[in-house]
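Numbering (our numbering), first residue to last: 4 to 220.
All C-beta atoms, glycine included, are put in the ideal place defined by N, C-alpha and C.
Please read all numbers here as calculations on a predicted model, not as lab measurements.
Taking it in order: structure first as structure tokens, then the write-up.
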């Protein structure tokens, strides 16, 4: 059982600002309580191309139906993400998916932020959700319905967070490169990593993440 969803939003703000504000969410923020933890496993910066690439992992709180909660005792999921920021072309892309052995559903999501000629930012996201064949058929339909509801709620919450953070950071953010550097610095501190990043030259760093434990969706 599958469901495909698509959402679009137009921001009347520059792509640099919207992209910078998105990075401000991480590793965590009280404004986005669904995000419980955030870790990076690889960062790559190509100074000559203005390209930033990051592989990361998020732990998200996801409410589940009571019957499923009672059976599986899970209330969160692990999401893997690949983030690409192309500064010269004003495009930011993020692909997200959860563990393929997830017990409830598998999600594949692609999000794109792109700047336009009017100085605005176009945002679109498409998501495909597949319910695990392990879920009994009588339960699968209500589970899918709940997952879709949480997707829509999460999307609406994320846009509200964007609005609040844009208003807060609009006069504080000076450049996207600086925002990327500060994002990396926050993650280094959060994960207790000791790497001195120099954005005046290209670099690539890999980090080993701790093994995941516990039950998950």
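- Query: Under a Cβ-count criterion, where at least 16 other Cβ atoms within 10 Å of its own Cβ denotes burial, should residue 203 be classed as buried or exposed?
  - Reply: Result: exposed.
- Output the distance between the C-alpha atoms of residue 108 and residue 97, rounded to the nearest integer angstrom. C-alpha separation (whole angstroms): 20 angstroms.
- Query: Where does the unbroken beta strand (DSSP E) through residue 55 begin, and where does it stop?
  - Reply: 54-64 is the span of the beta strand (DSSP E), which, as asked, contains residue 55.
- Item | Length of the line joining the Cα atoms of residue 226 and residue 135 | Here the chain covers residues 4 to 220 and nothing more, so residue 226 does not appear.
- Query: Taking the continuous alpha helix (DSSP H) assigned at residue 22, which residues delimit it?
  - Reply: Residue 22: member of the alpha helix (DSSP H) spanning 18-26, first to last residue.
- Proximity below 7 angstroms, CB of residue 40 to CB of residue 62: With a cutoff of 7 angstroms on beta-carbon distance, residue 40 and residue 62 are scored as near each other.
- Item | Distance between residue 81 and residue 214 (C-alpha atoms, nearest Å) | Whole-angstrom Cα-Cα distance: 12 angstroms.
- Query: Three or more beta-carbon pairs under 8 angstroms between the region 35-51 and the region 120-130, yes or no?
  - Reply: The answer is no - the region 120-130 does not touch the region 35-51, with fewer than three Cβ pairs under 8 angstroms.
- Compute the Euclidean distance between the alpha carbons of residue 32 and residue 172, then round it to the nearest angstrom. Rounded to whole angstroms, the separation of the alpha carbons of residue 172 and residue 32 is 14 angstroms.
- Measure the alpha-carbon distance for residue 200 versus residue 184 and round it to whole angstroms. Spanning the two alpha carbons is a distance of roughly 8 angstroms.
- Return yes when the Cβ of residue 182 is within less than 7 angstroms of the Cβ of residue 23, no when it is not. For residue 23 and residue 182, yes; Cβs fall inside 7 angstroms.
- Could you give the C-beta distance for residue 129 and residue 113, rounded to a whole number, given that I count them as a contact under 8 angstroms? About 6 angstroms; that satisfies the 8 angstroms criterion.
- Query: Which stretch, first to last residue, makes up the beta strand (DSSP E) that contains residue 206?
  - Reply: Here the beta strand (DSSP E) through residue 206 covers 206-209.
- Query: What residue from 175, 144, 29 and 190 has the CA that sits closest to residue 19's CA?
  - Reply: Among 175, 144, 29 and 190, the Cα nearest to that of residue 19 belongs to 175.
- Query: Roughly how many whole angstroms lie between the Cα atoms of residue 198 and residue 192?
  - Reply: Between residue 198 and residue 192, the C-alpha separation is close to 10 angstroms.
- Query: What first and last residue would you give for the alpha helix (DSSP H) that runs through residue 14?
  - Reply: Judged by DSSP secondary structure, residue 14 falls outside any alpha helix (DSSP H) and instead within the beta strand (DSSP E) spanning 5-14.
- 6 angstroms CB neighbourhood of residue 91 in its chain, flanking five on each side removed: So the list reads 53, once near-sequence residues are dropped.
- For residue 58, which residues from the same chain have a beta carbon less than 6 angstroms from its beta carbon, with the 5 sequence-adjacent residues on both sides left out? Excluding positions up to five away in sequence, the list reads 44, 45 and 85.
- Task: Starting from the C-beta of residue 27, find all residues in its chain whose C-beta is less than 7 angstroms away, skip the five residues before and the five after it, and write them out in chain order.
- Result: If we look at residue 27 and ignore the five residues flanking it on each side, its Cβ neighbours are 168 and 172.
- Task: Please work out which residues of its chain come closer than 6 angstroms, Cβ to Cβ, to residue 7, disregarding the five sequence neighbours upstream and downstream, and give them in chain order.
- Result: Excluding sequence neighbours, residue 7 sits near 131.
- Message: If the criterion is Cβ atoms closer than 7 angstroms, does the pair residue 101 and residue 110 meet it?
- Response: The answer is yes: Cβ separation under 7 angstroms.
- From residue 164 to residue 99, what distance separates their C-alpha atoms? Their Cα atoms are separated by approximately 19 angstroms.
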